[in-house]
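Notes follow the structure.
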Amino acid sequence: MYEVVVEGPEVDLLEKIKKARSKDEDIVRVVEEMKKTGVKKLRGNEWKIEGDLVLKKGKVYVLKDEELRAEIIWLHHDVLAAGYRGRWKTVELVTRNYWWPGVTRDVGKYVEGCDLCQRMKNRTEEPTGKLKLSEVPQKT
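So the sequence shown is numbered by this note's numbering: it starts at 723 and just counts up by one.
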């Protein structure tokens with residue numbers, strides 16, 4: 723059995739997720755059909771409804787709301803407690819409680835656009851060597 727644990731600023735996110743449901747017509751249609759028929763689970767334990775939230779494998783499904791998804795990534799990347807941990811740590815933190823199609827891609831784009839992450843990033847390529855005398859432009 724999965725359990726979503728949210729606290730602090732994430733409580734407000736859950737309210738925004740509940741309100742954003744109308745932006746994802748496919749999920750709204752499926753959830754409404756599930757409610758009409760009294761079904762609480764779909765495909766075993768993979769999808770289910772708890773209150774006004776849709777869960778996939780125990781994680782809150784975040785609807786097609788780019789601002790909301792960016793806020794979730796920001797909360798798990800930029801906040802001091804998260805600490806600019808880079809792409810994979812941010813993916814791990816976000817996917818502890820949330821899921822949406824393309825979450826890894828979205829986190830990657832966010833981190834690539836983070837100035838601090840790009841400046842602090844470990845570079846794996848060889849450092850540039852000294853210029854050889856033949857490469858220095860000659861004064862005429």
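For every residue, glycine included, the Cβ atom is placed at its ideal position computed from N, Cα and C. Predicted model, so just to flag it, every value in this text is computed and none were measured.
Cβ neighbours of Glu768 within its own chain (closer than 7 Å, five residues either side excluded): Lys778 and Lys779. Sequence-distant partners of Leu790 (beyond 5 residues in either direction) whose C-beta falls short of 8 Å from its own C-beta, in its chain, are Leu735, Lys738, Ile739, Ala742 and Val784.
The C-alpha of Met756 is placed about 25 Å away from the C-alpha of Arg818. Judged by beta-carbon spacing, Tyr832 lies within the 8 Å limit of Ala792, meaning their Cβ atoms are closer than that value. Rounded to whole angstroms, the separation of the alpha carbons of Gly824 and Val782 is 14 Å. Nearest Cα to Thr812 within the set Lys786, Cys839 and Asp787: Cys839.
For Tyr783, the pairing in a beta bridge is given by DSSP as Trp821.
The C-beta separation of Ile795 from Asp837 comes to about 15 Å, leaving the pair out of contact by the 8 Å criterion. For Glu737, the uninterrupted alpha helix (DSSP H) run begins and ends at Glu732 to Lys741, by DSSP. Only exposed fits Val801, as fewer than 16 other CB atoms lie within 10 angstroms of its CB. By the 16-neighbour rule on beta-carbons within 10 angstroms, Trp810 is exposed.
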